Amino acid sequence: MHRVKEKLPNPRRLVHFSPEKSHNFYPTMFLEFLKVSGIFVTIVAAVIGVCIVTIRSIEYIEENTYAAKEKIVKIIYFTMACYIFFMLKGMSFLHLLLGLGIQYTFNILMHTYPAIKPEDPKFIGAVLGSLVNHFLMIKFFFDKSGSIFMIVFAFVIVWLTPFCMFFSMSATDDVLFVKNPNKPLKTYAGMFLDWLLHISKKRRERMQ
Numbered sequence: 079m080h081r082v083k084e085k086l087p088n089p090r091r092l093v094h095f096s097p098e099k100s101h102n103f104y105p106t107m108f109l110e111f112l113k114v115s116g117i118f119v120t121i122v123a124a125v126i127g128v129c130i131v132t133i134r135s136i137e138y139i140e141e142n143t144y145a146a147k148e149k150i151v152k153i154i155y156f157t158m159a160c161y162i163f164f165m166l167k168g169m170s171f172l173h174l175l176l177g178l179g180i181q182y183t184f185n186i187l188m189h190t191y192p193a194i195k196p197e198d199p200k201f202i203g204a205v206l207g208s209l210v211n212h213f214l215m216i217k218f219f220f221d222k223s224g225s226i227f228m229i230v231f232a233f234v235i236v237w238l239t240p241f242c243m244f245f246s247m248s249a250t251d252d253v254l255f256v257k258n259p260n261k262p263l264k265t266y267a268g269m270f271l272d273w274l275l276h277i278s279k280k281r282r283e284r285m286q
């Protein structure tokens, strides 16, 4: 019987724990924690900011309907002008045509403002086109730069006009014949916010 010799590990291949690495580990871990915490705080702040801007926008549109129309038209023109920047970045002709066509459709809808109805084929087509444009924008900027800031910028450009349209949907039809209505209008978004506030008020009353 031959004895099987046990192979001992090569001492040169043994991993030695370096005191220098242990000192570098904790600062790196702390920096990663700060990075993750910073991202989390930024996301929370962005969500809160979006909510505040949304509520303020709804209140402004309800109280200043015709002044809001001028601002929305300017937003549409600004968005269309931004496609010059996208063209310089190398955006395809079909993609440019899609984006400009969506904004042109929203501009047509402004002729009947504030009576914008969700069942309008033009509105439905423009919103669906914005959804397609959203994914095309993400793909475009990931391929070109991959910068998160550029993707956020593209997201704002794609959805700024549709959100203005959502906020402007009015349940009152008589505003078409009144240039300066004395009473504030109620948009669909405003009625939804009122409904949420009404529910929260009822819950508080039950708890008391």
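Quick note, the sequence shown lines up with residues 79 to 286 if you use the working numbering. Even for Gly, the Cβ is constructed at its ideal location relative to N, Cα and C. Just so you know, these numbers come straight off a predicted model, no measurement behind them.
*asked:* Rounded to whole angstroms, what is the Cα-Cα separation between ILE153 and ALA146?
replied: 10 Å
*asked:* Just verifying my parser: in three-state terms, what is the DSSP assignment at ASN142?
replied: coil
*Counting along the chain, where does the alpha helix (DSSP H) carrying ILE194 start and finish?*
It is not in any alpha helix (DSSP H) - ILE194 carries neither H nor E in the DSSP assignment.
*Chain-order list of residues whose beta-carbon lies under 8 Å from that of ILE117 (same chain, five-residue window excluded)*: none
_ASP221 Cβ short of 7 Å to the ligand ADP heavy atom set_ = Although the ligand ADP was asked about, the structure shown includes no ligands whatsoever.
_Once DSSP output is grouped into helix, strand and coil, what is the label at LYS113?_
helix
*To the nearest angstrom, how far is it from the Cα of VAL230 to the Cα of SER115?*
20 Å
*SER170 in three-state terms, based on DSSP*: coil
_Residue from ILE235, ILE180, ARG134 with nearest C-alpha to PHE245_ = ARG134
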